[in-house]
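Visitor: Let me give you the structure first, and then I'll get to my questions.
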Amino acid sequence: MIPWLTLAIALPAIGAAVIWALPRVTPPAGASGAPASAAARAEAGSGTATATKVRPATGGAAQGDPALLAKRLALGFSVATLLLVAVMALNFDTSGAGGLQFEEVYPWIPYFGVHFAVGVDGIALVLILMSVVLVPLVVLAAWNEHADREDGGRGYFALVLALEAMMIGVFAATDVFLFYVFFEAMLIPVYFMIGRYGRGAERAKAAVKFLLYSLAGGLIMLVAVIGVYVIGGTFLWSELTAPGSALAAVDPATARWLFLGFFIAFAIKAPMWPVHTWLPSAAGSSSPGTAVLLVGVLDKVGTYGMLRFCLELFPAAVSWFVWPVVALSLVSIVYGAVLAIGQSDMMRLIAYTSVSHFGFITLGIFALTQQGQAGAALYMVNHGFATGALFLVVGFLIARRGSARIEDYGGVQKVAPKLAGVFLVAGLAGLALPGLAPFVSEFLVFVGVYAFNPVPAVIAAVGVVLAALYILWMYQRTMTGPTPEKLSALPDLSARETWAVAPLIALIIAFGVYPQPLLNVINPAVERTVEAEADTEVAVADGDAEGEEE
Amino acid sequence: MIPLNLADGAPPALHGVTEAPPTLDWWLLAPFLVLFGAGVLAVLFEAFWPKGSRRTLQIALAATALLVTFVLLVLQVEAVGDGTTVGNGVLAVDRTVLFFQGTITVLALVSLMLIAERRDGRDAFSAQAATVPGSEEERTHILAGSQHTEVYPLVLFAVLGMLMFPASNDFLVMFIALEVMSLPLYLLCGLARRRRLFSQEAAVKYFLLGAFSSAFFLFGIAMVYGYAGSVNFGVIRGAVESGGAEIFQGGNGEPLLLMGVGLVAIGLLFKVGAVPFHNWKPDVYQGAPTPITALMASCTLVAAFGALLRVFFVPFGTSAAIWEPMLWTVAILTMVVAAIVAVTQRDIKRLLAYSSVVHAGFILTAVVAGSVEGLAGAMFYLAAYGFTTLGAFAVVTLVRTRDGGQELGDLDKWAGLGRRSPGLALALSLFLLAFAGIPLTSGFIGKFAVFEAAVSAGATPLVVVGVLSSAVTAYFYVRIIVVMFFRDSEGEGPTVARAGVLTGGVITVGVAATLALGIFPGPVLDHLVPSGEPGQEPTAVMVDQVTEDPVDE
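Protein sequences appear in the order of chains A and B.
Reminder that position 254 of the first sequence reads as 253 in numbering that gives the first Met the number 0, one-by-one numbering, no gaps.
Reminder that position 453 of the second sequence reads as 452 in numbering that gives the first Met the number 0, one-by-one numbering, no gaps.
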């Protein structure tokens, strides 16, 4: 038996440590003046502001350049992790009852009954897969982004790998304490990625805002985590959710408080209106690569947590929260979309669209129907790919022009048709065009929500209309129309950039046409969640009925 | 002690007046005697040893004494079993006490490294403390390279008091321990080499306020004595259970107990720096020489909390209904007020002082829990916090101004430190994240331990206040990181003194302990701190009674 998940967590962690431990050699100033190799010339041909600082990619000079070595190591480790997880996924048994697979349990802090316990069900697996797909692409896209820093961006790549280890850990953890540890610890690399390697003068402020919001949520969750332990007597998810556990027997009022403790943390993470305000500033001040991981993966921890912890640990409390959460989701959908329309900065615009999209995800989760939750789980993955692609393309634009403001662009499709094409596909995926992956998930969410109650489904449909508006209007203003003088020499996608986005576009199209493999993995897990919920409701109803009979 | 003996029955059997000399277990007293002997010897050296090699000798003596003390304490762990008392029942020796004493000794040893550190042939202490600041005489001493090696005997005496403080099983001994611990500290605070007036002001403030609090403490002891008829913890506990000494016929003595508990609590809460008795902390921490601040922030805090836990759990353990509302209030005030005031601080040492106050509030939640879990949580927290705070102050000693080279407290001027010396800035960031309670640092495990105990004991509202103030404290910890890493220095920025072997050692120990206790806290939690059933009385692991009468009748 291979400890798949431990390996998957350890591999990027080791990578981060290796990059961190590289000797700190600052290359002599003249090093970049060496004859450029073919690869470097391709970069230089892109004419970007940073391209002049690109160091030779091959030859003896590369040996002495720790930044380049760091990038290669980062790419190597992230691809290795991707392969490892892919092989693990092939061994995943989709015919099972939706329980945990690849389980590993080792005692960690026996005094508190804490275990290093990992395991995945279908939902966790697809989210881990999404994360490990995105990381190498982010590394590739950010290749030259930090070249003008004194460490050549080496620290950034170490942070990315450290974050990857924690992202896998947070989705795989089946011990509530371990989950909390990853949940909180992953804030630190992101904090440095925004504050130190971010964009603009406001980045320190945005990093602090992000950290404080998340910490506040996390600390509230800490009380709930302690409460779960004191009541349930264990941290192991499998024991807590087992029938007849002490946690299942807790009185409804306490269960509601615990639910709320977890939910606030997850809502901040997700981000849900009204605790979303950190996201636009954080994403707006992030480098595009950071934004991909922040919005594409980190925020999913919030919605994943709702599904895994709020719903499954406190089934008795869920029915009480359904309508408030549905209402908040609807506000998020409409509010995020409306604010997205008004944005002049593309990074912030995409961040607001995500607020809207996360509204769909929470709506699907709390509709408590099979389609709704399957759609929500699928939505998380598809949103990661679609938004990831959008952020990356905006990142390419920023690398060329040094700005994310919409008004600085126009007519790009004439000079850079490939870039514009990728932008269009990613954007259309964002508005859930049929044939592209997000459509399937959005459709499933609508079906599930309609079965739950038609009214929220109708209101949510407004979000779809607005999505078409904000995406197409952004495309129209940046890519079509006359090309301004300054942009006439805008280069098209380089080979590296193409490799960074092509996999995402391919995945968006592939899963748009044939989503079945993902659904096969997700469905058993969703069925388990929904059934557990239904059982509890029956039990609660029975209990009420008995109480009335007495 | 002389018990009240007004009732016509037989006097209480315990600790009757005896003319025979008490049988003393010298082996169990050895740690105190070693430190005391070393302190006395150090005073003699100070007087008679030639100047040239005096400093080296003093350091060697202090380090050896602390090491020997530590070894003796470790050797006692197995020997004491369930615990016993020594010296006619005035000092308790059990595993809890030994944990506190061992922690204090190790932290003192690490602080000693900071105290002994010299830069350009000068340490952090004034050349001749008796001279008037700015006077000609002072200049003469500085030019002559005078050294103030009295620091070492003073530290030894202070540590002796700290070891006795949490071990006391008798209020008078506890008071003596308090004074033995405090008087050297008052002096040490006034010995800074730079900004001497500031340092002396801190010393005077600390002394005056400390003297007041000692008076409260002593007055409280008198009240408790009036109530219980004894100053022995075991007897007091029995008296509280039975409604006071026999004179009260099991009834109307409660006002005395109330006053006693309140006044004793003031003395102890002053020492741990809980709101509203915290005002000395920022001034003293800022004014004192930083190595001494480090000693106070780690060792003194551990000793004071050890004593506080003992007093509330052993003699007053059965009157929890009296003190719990008081400690609830104090804990909430401490966490909230200190966290909010800390946000406005601009000086690193003041900020760390307020941070220490907030941490005292967190530990108080474990005291409120009143269980073995709470005791264990507080013990772990104190040990973890001690190492982290030592590391943080060690970093503070290294960051200096460009002109004159004194320590640079002003946080706004720390901009760009992350670029200039990334290692140092990273170490400090780790300490700050540990203070903020981020997972994978010792601070998180400590916080979890105390909060878990409090929730188990039903003090959930207290924990909610705790996490909310935690979120506030995170703001100012994070702000320091922002200044160091994300902001570029205006002008030249601070210089960073090259870390000597000793300071570097302290920082390394701090980093190692912070990470080790955060990632693998298992060994400490399983073997060193007590574990008990949920809600079990702390006296299960703390000696309260004289198990066997040491007096030969």
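Just so you know, even glycine gets a beta-carbon here, dropped at the ideal spot from N, CA and C.
Since this is a predicted model, take the numbers as computed values, not measurements.
1. Given that Phe-484 (chain B) touches chain A, what residues does it touch there, using C-beta distances under 9 Å?
2. Could you compute how far the alpha carbon of Ile-187 (chain A) sits from the alpha carbon of Leu-416 (chain B)?
3. Taking beta-carbon pairs under 8 Å, can you tell me which members of the stretch 211-235 of chain A lie near chain C?
4. Determine the contact status of Ala-350 (chain A) and Leu-297 (chain A), defining contact as a CB-CB distance below 8 Å.
5. Quick one: Cα of Pro-2 (chain B) to Cα of Gly-266 (chain B), how far?
6. Would you check if there are 3 or more beta carbon pairs closer than 8 Å linking the stretch 415-431 of chain B to the stretch 326-333 of chain B?
7. What are the boundary residues of the alpha helix (DSSP H) that includes Leu-550 (chain A)?
8. Please report the straight-line C-alpha distance between Tyr-185 (chain B) and Thr-5 (chain A), rounded to a whole angstrom.
9. For a cutoff of 8 Å on Cβ pairs, would you count Glu-238 (chain A) as touching chain B?
10. With a CB to CB cut of under 7 Å and the five nearest residues on each side skipped, what residues in its chain are close to Gly-46 (chain A)?
11. Should Ala-16 (chain A) go down as buried or exposed, given a rule of 16 or more other Cβ atoms within 10 Å for buried?
12. Would you mind telling me which residues of chain B sit closer than 9 Å to Pro-109 (chain A), beta carbon to beta carbon, in chain order?
13. Could you give the first and the last residue of the continuous alpha helix (DSSP H) run that contains Ala-128 (chain B)?
14. Starting from Tyr-105 (chain A), trace the beta strand (DSSP E) in both directions and tell me its first and last residue.
15. Along the chain, where does the alpha helix (DSSP H) that runs through His-382 (chain A) open and close?
16. Given a cut-off of 8 Å on the beta-carbon distance, is the pair Leu-108 (chain B) and Ala-166 (chain B) in contact?
17. Check the DSSP bridge columns for Val-85 (chain B) and list the partner residues they point to.
18. Cβ atoms of Gly-216 (chain A) and Ile-263 (chain A): under 8 Å apart, would you say?
19. Quick check on Pro-537 (chain B): buried or exposed, where buried means 16 or more other Cβ atoms within 10 Å of its Cβ?
20. State yes or no: is the beta carbon of Val-274 (chain A) nearer than 8 Å to at least one beta carbon in chain B?
21. Which residues mark the beginning and the end of the alpha helix (DSSP H) in which Phe-357 (chain A) is found?
22. Shorter than 8 Å from the beta carbon of Tyr-179 (chain A) to some beta carbon of chain B?
23. Measuring only between beta-carbons, confirm whether Gly-29 (chain A) sits less than 8 Å from chain B.
24. Between which two residues does the alpha helix (DSSP H) carrying Gly-118 (chain A) extend?
25. Can you name, in chain order, every residue of its own chain whose Cβ lies under 8 Å from the Cβ of Val-569 (chain B), other than the five neighbours on each side?
26. How would you list, in chain order, the residues of chain B whose beta-carbon sits under 8 Å from the beta-carbon of Val-207 (chain A)?
27. Taking only beta carbons into account, state which residues of the stretch 451-469 of chain B come closer than 9 Å to chain A, listed in chain order.
28. Which one or two residues does DSSP pair with Val-398 (chain B) in a beta bridge?
29. So which residues of chain B does Glu-183 (chain A) contact, with C-beta pairs closer than 8 Å?
30. Is there a Cβ of chain A sitting closer than 8 Å to that of Ser-530 (chain B), yes or no?
31. How is Leu-559 (chain B) classed by DSSP in three states: helix, strand or coil?
32. Would you say Leu-432 (chain B) lies against chain A (beta-carbon separation less than 8 Å)?
33. Around the C-beta of Leu-153 (chain B), are 16 or more other C-beta atoms found within 10 angstroms, so that it is buried, or is it exposed?
34. Report the neighbours of Ile-8 (chain A) on chain B: residues whose CB is nearer than 8 Å to its CB, in chain order.
35. What's the C-alpha gap between Asp-346 (chain B) and Phe-174 (chain B)?
36. For Ile-504 (chain A), go through chain B and note every residue whose CB falls closer than 8 Å to its CB, in chain order.
Guide: This is what the structure gives:
1. Phe-191, Gly-194, Arg-195, Ala-203
2. In a straight line, the C-alpha of Ile-187 (chain A) is about 19 Å away from that of Leu-416 (chain B).
3. Absent from the structure is chain C; the protein chains it does hold are A and B.
4. no
5. Annotation note: pLDDT 46 at Pro-2 (chain B) (below 50); position unreliable, coordinate value reported separately. Roughly 24 Å between the two C-alpha positions.
6. The stretch 415-431 of chain B is not in contact with the stretch 326-333 of chain B.
7. The question about residue 550 (chain A) has no answer here: the residues shown for chain A are numbered 0 through 549.
8. 53 Å
9. no
10. The predicted position of Gly-46 (chain A) is uncertain, since its pLDDT is 39 and thus under 50; a value taken from the coordinates is nonetheless stated next. Counting only Cβ-Cβ distances below 7 Å, and skipping sequence neighbours, we find Ala-488, Pro-490.
11. exposed
12. Gly-521, Leu-524, Asp-525
13. The continuous stretches of alpha helix (DSSP H) do not include Ala-128 (chain B), and DSSP gives it neither H nor E.
14. Unbroken beta strand (DSSP E) run through Tyr-105 (chain A): 100-108.
15. Residues 369-400.
16. no
17. Per DSSP, B:Leu-90.
18. Taking C-beta atoms as the reference points, Ile-263 (chain A) and Gly-216 (chain A) count as a pair closer than 8 Å.
19. Buried, by the Cβ-count rule.
20. no
21. According to the DSSP assignment, Phe-357 (chain A) belongs to the alpha helix (DSSP H) that extends over 345-365.
22. Yes, its Cβ sits closer than 8 Å to a Cβ of chain B.
23. With a pLDDT of only 40 at Gly-29 (chain A), under the threshold of 50, the placement of this residue in the model should not be trusted, and no figure is reported.
24. Taken as a continuous stretch (DSSP letters only), Gly-118 (chain A) belongs to no alpha helix (DSSP H), being part of the beta strand (DSSP E) at 113-119.
25. Shown here, chain B extends from 0 to 552; a query on residue 569 (chain B) therefore has no answer.
26. Tyr-474, Val-477, Arg-478, Val-481
27. Glu-451, Ala-453, Val-454, Ser-455, Thr-459, Val-462, Val-463, Gly-465, Val-466, Leu-467, Ser-469
28. B:Val-495
29. Ile-437, Pro-438, Phe-443
30. yes
31. No information on residue 559 (chain B) is available, as it lies outside the stretch 0 to 552 that chain B covers here.
32. Closer than 8 Å: yes.
33. buried
34. Correct list: empty, because the minimum Cβ distance to chain B is about 13 Å.
35. 34 Å
36. Under the 8 Å cutoff, chain B gives no residues; its nearest Cβ is about 35 Å from Ile-504 (chain A).
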